[in-house]
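Each step along the sequence shown adds one to the number in numbering that gives the first Met the number 0, with nothing skipped, and position 227 is 226.
Quick reminder that beta carbons are idealized off the backbone N, C-alpha and C, glycines included.
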Amino acid sequence: MSGSTIRLKRLFEKGKAFVVALDHGLVMGPLKGIENPVEIVSKLSNIPDALQMTPAMLKLVEENFYTRNSPMLIARLDTANVWRKEKKYSQGYYSMVYQVKEAVEAGADAVVTYLVVGYGDDRVEGYNIEALAKARAEAHDYGLPFIIEPLYVSPDNPDSIKDVNLVKYVTRLASEIGADILKVDYTGNKEEFKEVVNVAFAPILIRGGPKTKDDKEFLLMLKDAIDAGASGVTVGRNLWQSKNPTAMAKAIADVIRGKSVEEALKIWVE
Numbered sequence: 000m001s002g003s004t005i006r007l008k009r010l011f012e013k014g015k016a017f018v019v020a021l022d023h024g025l026v027m028g029p030l031k032g033i034e035n036p037v038e039i040v041s042k043l044s045n046i047p048d049a050l051q052m053t054p055a056m057l058k059l060v061e062e063n064f065y066t067r068n069s070p071m072l073i074a075r076l077d078t079a080n081v082w083r084k085e086k087k088y089s090q091g092y093y094s095m096v097y098q099v100k101e102a103v104e105a106g107a108d109a110v111v112t113y114l115v116v117g118y119g120d121d122r123v124e125g126y127n128i129e130a131l132a133k134a135r136a137e138a139h140d141y142g143l144p145f146i147i148e149p150l151y152v153s154p155d156n157p158d159s160i161k162d163v164n165l166v167k168y169v170t171r172l173a174s175e176i177g178a179d180i181l182k183v184d185y186t187g188n189k190e191e192f193k194e195v196v197n198v199a200f201a202p203i204l205i206r207g208g209p210k211t212k213d214d215k216e217f218l219l220m221l222k223d224a225i226d227a228g229a230s231g232v233t234v235g236r237n238l239w240q241s242k243n244p245t246a247m248a249k250a251i252a253d254v255i256r257g258k259s260v261e262e263a264l265k266i267w268v269e
């Protein structure tokens, strides 16, 4: 059994994987809720199965991961300027920031990269794919699962487009590149999302996306995605920008593993 298989089995040990994304600073700056990484990581304790951060942030909070029950660590390797609010892009850029070796040295159990399709110069997209192919080979050399976050964007909708046909396209493209796990946008419709799951070669973790209007709306979205075949969730702003991140994390864990949204809200949030 390879190291990559062992780490994948650990991530999905509880059936559905719960990952918290804290790497937004690399593309969006110090968003509210993650200004102080040490503080938010300590609040989450051992509730998620894994935390997603840059190698630089991993080193900053490493004292939280010295025990057997610590969450797994997923290292972000790359960035793009698609989500920058202060200055809109013209051609757009994609850049690999870290090598897999640096993620390993920082303690990572897996690595994650973007696949950004549909914006700027086609040569940027080509470089993106070449960089992912190289990172995939390096990750597998080290026995790390390789996670791809495929997004279809456009200059007038840079957050990412949720159209089912475009989501299916980038999901299959990332699968063919060789992802061990996919981080994919939920399309908003359970029946449509089943089509996305069916074209994937690897387990899908849905992306939490922008902040929703309330906790119930977000938890219902997570439940629908799990019911449609998602193998887990990756949550960012809807967790660490909530009123009580610790309670919200416990509610998310309960919902993706079978509790109703109403029950989870009553126990942990309301």
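Item: Every unbroken beta strand (DSSP E) within the segment 101 to 167, with a cutoff of 3 residues, ordered by chain; Value: 109 to 116 and 145 to 151
Item: Cβ pair count under 8 Å reaching 3, the segment 92 to 99 against the segment 38 to 47; Value: no
Item: CB of residue 236 within 7 Å of CB of residue 198, strictly; Value: no
Item: DSSP bridge partner residues for residue 17 (one or two, in chain order); Value: 232
Item: Same chain, Cβ closer than 7 Å to residue 47, neighbours up to 5 away in sequence not counted; Value: 17, 18, 19, 70 and 248
Item: Alpha-carbon to alpha-carbon, residue 127 and residue 91; Value: 12 Å
Item: Among 106, 30, 62 and 23, the one whose alpha carbon lies nearest that of residue 233; Value: 23
Item: Three or more C-beta pairs below 8 Å linking the segment 107 to 121 and the segment 45 to 62; Value: yes
Item: With 16 other Cβ atoms within 10 Å as the buried cut-off, status of residue 66; Value: exposed
Item: Residue 3 and residue 144 closer than 7 Å at C-beta; Value: yes
Item: Per-residue DSSP class, three states only, for residue 245; Value: helix
Item: Contact set for residue 223: own chain, Cβ-Cβ below 6 Å, skip 5 residues either direction; Value: 189
Item: CA-to-CA distance, residue 159 to residue 152, given in whole angstroms; Value: 4 Å
Item: Residue 240 versus residue 211: straight-line alpha-carbon distance, rounded; Value: 10 Å
Item: Distance between residue 231 and residue 262 (C-alpha atoms, nearest Å); Value: 19 Å
Item: Pair within 7 Å by beta-carbon distance, residue 81 and residue 115; Value: yes
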